[in-house]
Amino acid sequence: MILLSIETSCDETAISIVEIVGDFPNATYKVLGNALFSQIEIHREFGGVFPAIAKREHIATILPMLEKALHESNLPHEAAPYLPETATQIKSILDREFGLADQLLHFHEHYGIPTIDAIAVTSGPGLEPALWVGVNFAKAIAHLWNVPVVPVDHMEGHVLASIFDGHHLAEVHFPSIALLVSGGHTEIILMPDWGKYQKIGQTRDDAVGEAFDKVARLLGLPYPGGPEISKMAAHAREVNLPEYLALPRPMMHSGDLDFSFSGLKTAVRYGIEGKTLTEDEKFALARDFENAAIEVLIHKSIKAIEQHSARSFILGGGVSANSYLRNAAQGLATPQSFPDLQVFLPEKSLSTDNSVMIALAGHAHLVDAETPTNFMNTVRVDGNQSL
Ligand code: KG4
Ligand code: ZN
1 MILLSIETSC DETAISIVEI VGDFPNATYK VLGNALFSQI EIHREFGGVF PAIAKREHIA
61 TILPMLEKAL HESNLPHEAA PYLPETATQI KSILDREFGL ADQLLHFHEH YGIPTIDAIA
121 VTSGPGLEPA LWVGVNFAKA IAHLWNVPVV PVDHMEGHVL ASIFDGHHLA EVHFPSIALL
181 VSGGHTEIIL MPDWGKYQKI GQTRDDAVGE AFDKVARLLG LPYPGGPEIS KMAAHAREVN
241 LPEYLALPRP MMHSGDLDFS FSGLKTAVRY GIEGKTLTED EKFALARDFE NAAIEVLIHK
301 SIKAIEQHSA RSFILGGGVS ANSYLRNAAQ GLATPQSFPD LQVFLPEKSL STDNSVMIAL
361 AGHAHLVDAE TPTNFMNTVR VDGNQSL
């Protein structure tokens, strides 16, 4: 079967077309088309993601992404009959995506209907105005092509991306512990089996990616700050700069699996307030912060692995692109700690938001697929809930 997947939960507009042979989780996946536009440059100007701007950019980019993914995949497509009532319905579905209905109808008229069997779309969690663009667009093309839609949890996408090698999902030994770290989330998930998720720990305030971004801003670095901090921290380690600031390890010994990162960011703020840091001090501080944040993440992951006798550990979400965290995660499986633990890290291109991961999660839930008409009433778009 051929699945088209859509991701618009934050600042990436992404569409993939994936050919799938076999049943989840033992299928073979072939990515036929993969189009992604990152809005980072646009948001950088404002120092963060503004939902209204993200929505505007998704509206402007989503059809070009569809065209690019279809072009790459080279799928057969056949002419579509023109029905005036279809145009009315599409205009009503895309009522809030100014101008998009007309562009889509124009595209549909000359391109026709591709051989796509179903559509998967991120329905949450994420920025609500951004999510709606993807969801409404999914509904519209599902209607034009008469195929079902599968709503997908973005965080489940991150979990599956981490165990995907480009063609197959790994043979995971359960129970598994997943540490999901992104700009909006920091959570520990217990996976007793495929498709079963139980949240056993989460941040009580800021997500760790958000803390990276905020500390970066304090240091005058551009958005998104995570990769910048990580580069500076690597340099500080390489030349062995002395500690600049003794930072706390918030909630490290709280006895549960929750996190708190806003205090860490505040400690950085107080530590540098009124001072002008030298370049070396900035490098050292980036490292001090990264050490503190990652020490807590790994400490709680170890606790979770121990408490649930986990046989595997999955690291996922945008912050999993961080090399220091990747090394620390890999270091969990040593003869001294957890010798038989499987450790899964996403390929770097699948660490941050993408639509391939949405295809994987969509495939997992294909049985729950809705016909386009039902889907219109049942879609869940929420900004807060996740797995
Ligand atoms: O998963 P993601 O792409 O989007 C959300 O769902 O939030 O994650 C984005 C987050 C940002 O906060 C970004 O700063 C962080 O991931 N990030 C990193 C690195 N690369 C991306 N944080 C630390 N080190 C990195 N190398
Ligand atoms: Zn994400």
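Read in order, the letters of the sequence shown correspond to residues 1 to 387 in the UniProt record's numbering. For each residue, glycine too, the CB sits at the ideal point set by N, CA and C.
**Message:** Here's the rule: buried if 16 or more other CB atoms are within 10 angstroms of the residue's CB, otherwise exposed. What is K348?
**Reply:** Translated into positions along the sequence shown, residue 348 becomes position 348. Looking at its Cβ environment, which holds fewer than 16 other Cβ atoms inside 10 Å, K348 is exposed.
**Extent of the continuous alpha helix (DSSP H) to which M155 belongs** = For this step, residue 155 is matched to residue 155 along the sequence shown. Note, M155: alpha helix (DSSP H), H154 to S162.
**Request:** Can you check DSSP and say which residues form a bridge with I305?
**Result:** Here residue 305 refers to the residue found at position 305 of the sequence shown. Partner residues in a beta bridge of I305, as assigned by DSSP, do not exist.
**Message:** For a test of the three-state rule: what should DSSP assign to T122, helix, strand or coil?
**Reply:** As a first step, residue 122 is located in the sequence shown; it is residue number 122 there, counting from the start. Three-state result, T122: strand.
**Prompt:** Between which two residues does the beta strand (DSSP E) harbouring G316 extend?
**Reply:** Reading the sequence shown from its first residue, position 316 is the one you call residue 316. Run containing G316: S312 to G316, per the beta strand (DSSP E) assignment.
**Prompt:** If you run the structure through DSSP and keep just helix, strand and coil, what is S16?
**Reply:** Here residue 16 refers to the residue found at position 16 of the sequence shown. Assignment of S16 by DSSP, reduced to helix, strand and coil, places it in the strand class.
**Asked** Going by other Cβ atoms of all chains shown within 10 Å of its Cβ, with 16 needed for buried, is E12 buried or exposed?
**Response** Counting from 1 along the sequence shown, the entry for residue 12 is found at position 12. E12 sits buried, since 16 or more C-beta atoms from the chains shown fall within 10 Å of its C-beta.
**Message:** Closer than 8 Å to a non-hydrogen atom of the ligand ZN - does that hold for the CB of S9?
**Reply:** Residue 9 sits at position 9 when you count from the first residue of the sequence shown. Yes; taking the cut-off as 8 Å, the Cβ of S9 has a heavy atom of the ligand ZN nearer than that.
**Item:** When A79, S260 and S262 are compared against E109, the one with the closest alpha-carbon
**Value:** As a working note, residue 109 is residue 109 in the sequence shown. Considering only alpha carbons, the answer is A79.
**Prompt:** Which stretch, first to last residue, makes up the beta strand (DSSP E) that contains V319?
**Reply:** Mapped onto the sequence shown, residue 319 falls at position 319. Boundaries for V319: no beta strand (DSSP E) harbours it, and the DSSP string shows neither H nor E there.
**Message:** Do V49 and L127 have their beta-carbon atoms positioned less than 9 Å apart in this structure?
**Reply:** For this step, residue 127 is matched to residue 127 along the sequence shown. For this step, residue 49 is matched to residue 49 along the sequence shown. Contact flag set, yes.
**Request:** Locate the alpha helix (DSSP H) running through L63, then write down its first and last residues.
**Result:** Position 63 of the sequence shown, counted from the start, is the residue given in the question as residue 63. Looking at the DSSP string, the run of the alpha helix (DSSP H) that includes L63 is P51 to S73.
**Prompt:** What are the uninterrupted segments assigned as alpha helix (DSSP H) that are 4 or more residues long and contained completely in the segment 192-247, given in chain order?
**Reply:** If only uninterrupted alpha helix (DSSP H) runs of at least 4 residues are considered, those enclosed by the segment 192-247 are 208-218 and 225-238.
**Beta-carbon separation (whole angstroms), I229 vs A170, contact threshold 8 Å** = Position 229 of the sequence shown, counted from the start, is the residue given in the question as residue 229. Position 170 of the sequence shown, counted from the start, is the residue given in the question as residue 170. I229 to A170, Cβ: 30 Å. No contact.
**Contacts around N322, its chain only, beta-carbon distance under 6 Å, and the 5 residues preceding and following it disregarded** = As a position in the sequence shown, residue 322 is number 322, starting the count at 1. Contacts found: S230.
**Message:** Could you check whether S262 and A211 sit closer than 9 Å to each other, using their CB atoms as the reference points?
**Reply:** Here residue 211 refers to the residue found at position 211 when the sequence shown is read from its first residue. Here residue 262 refers to the residue found at position 262 when the sequence shown is read from its first residue. A211 places its beta carbon less than 9 Å from that of S262.
**Request:** Answer with buried or exposed for A52, where buried requires no fewer than 16 other C-beta atoms within 10 angstroms of its C-beta.
**Result:** Within the sequence shown, the letter at position 52 stands for residue 52. Counting Cβ neighbours within 10 Å, A52 comes out exposed, since fewer than 16 surround it.
**Residue range of the unbroken alpha helix (DSSP H) whose run includes Y111** = Within the sequence shown, residue 111 is the residue found at index 111, counting from 1. L100 to Y111 is the extent of the alpha helix (DSSP H) around Y111.
**Asked** Hey, would you say G362 sits closer than 9 Å to S5, going by beta carbons?
**Response** Along the sequence shown, one-based indexing puts residue 362 at 362. Along the sequence shown, one-based indexing puts residue 5 at 5. For G362 and S5, yes; Cβs fall inside 9 Å.
**Backbone secondary structure at G33 - three-state DSSP** = As a first step, residue 33 is located in the sequence shown; it is residue number 33 there, counting from the start. Residue state, collapsed to three classes: strand.
**Prompt:** Who are the near neighbours of L325 in its chain, counting only those whose CB is closer than 6 Å to its CB and skipping five residues on each side?
**Reply:** Your numbering for residue 325 matches position 325 in the sequence shown. Closer than 6 Å at the Cβ level, and outside the excluded window around L325, lie I294.
**Message:** On the criterion of 16 or more Cβ atoms from any shown chain inside 10 Å, does Q39 qualify as buried, or is it exposed?
**Reply:** In the sequence shown, residue 39 corresponds to position 39, counting from 1. Classification for Q39: buried.
**Message:** Strictly by DSSP, which residues pair up with F259?
**Reply:** For this step, residue 259 is matched to residue 259 along the sequence shown. Its beta-bridge partners are T203.
**In DSSP terms, what G344 is bridged to** = The residue labelled residue 344 in the question sits at position 344 within the sequence shown. Per the sequence shown, the amino acid found at residue 344 is Phe instead of Gly. I314.
**Item:** Distance CB(A233)-CB(E290) smaller than 9 Å
**Value:** Within the sequence shown, the letter at position 233 stands for residue 233. Within the sequence shown, the letter at position 290 stands for residue 290. Less than 9 Å divides the Cβ of A233 from the Cβ of E290.
**Message:** For the ligand ZN, is there any heavy atom lying closer than 8 Å to the beta carbon of G318?
**Reply:** Taking the first residue of the sequence shown as 1, we reach residue 318 at position 318. The answer is yes for G318.
**Message:** Rounded to whole angstroms, what is the Cα-Cα separation between E7 and S355?
**Reply:** The sequence position of residue 7 within the sequence shown is 7, counting from 1. The sequence position of residue 355 within the sequence shown is 355, counting from 1. So the two alpha carbons sit approximately 5 Å from each other.
**Message:** Could you pull the DSSP bridge partners for P151 from this structure?
**Reply:** Your numbering for residue 151 matches position 151 in the sequence shown. Partner(s): V121.
**Message:** Is the separation between the beta-carbon of A35 and that of M65 shorter than 9 Å?
**Reply:** Against the sequence shown, residue 35 aligns to sequence position 35. Against the sequence shown, residue 65 aligns to sequence position 65. With respect to M65, A35 sits close: the two C-beta atoms are nearer than 9 Å.
**Asked** Just how far apart, CA to CA, sit L105 and P129?
**Response** Along the sequence shown, one-based indexing puts residue 105 at 105. Along the sequence shown, one-based indexing puts residue 129 at 129. Looking at the two C-alpha atoms, the distance is approximately 22 Å.
**Request:** Please list, in chain order, all residues of the same chain as L32 whose beta carbon is under 6 Å from its beta carbon, the five residues on each side excluded.
**Result:** For the purposes of this step, residue 32 is taken as the residue at position 32 of the sequence shown. Result list for L32: I17, E19 and S73, in chain order.
**Message:** Quick check on D23: does DSSP put it in helix, strand or coil?
**Reply:** Residue mapping note: residue 23 aligns to position 23 of the sequence shown, counting from 1. Residue state, collapsed to three classes: coil.
**Message:** Would residue 389 and D206 be called neighbours here (beta carbons separated by less than 9 Å)?
**Reply:** No statement about residue 389 is possible, as the shown extent of the chain runs from 1 to 387 and does not include it.
**DSSP bridge partner residues for H77 (one or two, in chain order)** = In the sequence shown, residue 77 corresponds to position 77, counting from 1. Per DSSP, P114.
**Message:** On the CB-based measure, 16 or more other CB atoms within 10 Å of its CB, does T276 come out buried or exposed?
**Reply:** Your numbering for residue 276 matches position 276 in the sequence shown. When all chains shown are included, T276 counts as exposed.
**Prompt:** In chain order, what residues of the same chain have a beta carbon less than 7 Å from the beta carbon of S351, not counting five sequence neighbours either side?
**Reply:** As a first step, residue 351 must be located in the sequence shown, where it is residue number 351. Counting only residues of its own chain and dropping the five nearest sequence neighbours on each side, S351 has a CB closer than 7 Å to the CB of G318, S320 and A321.
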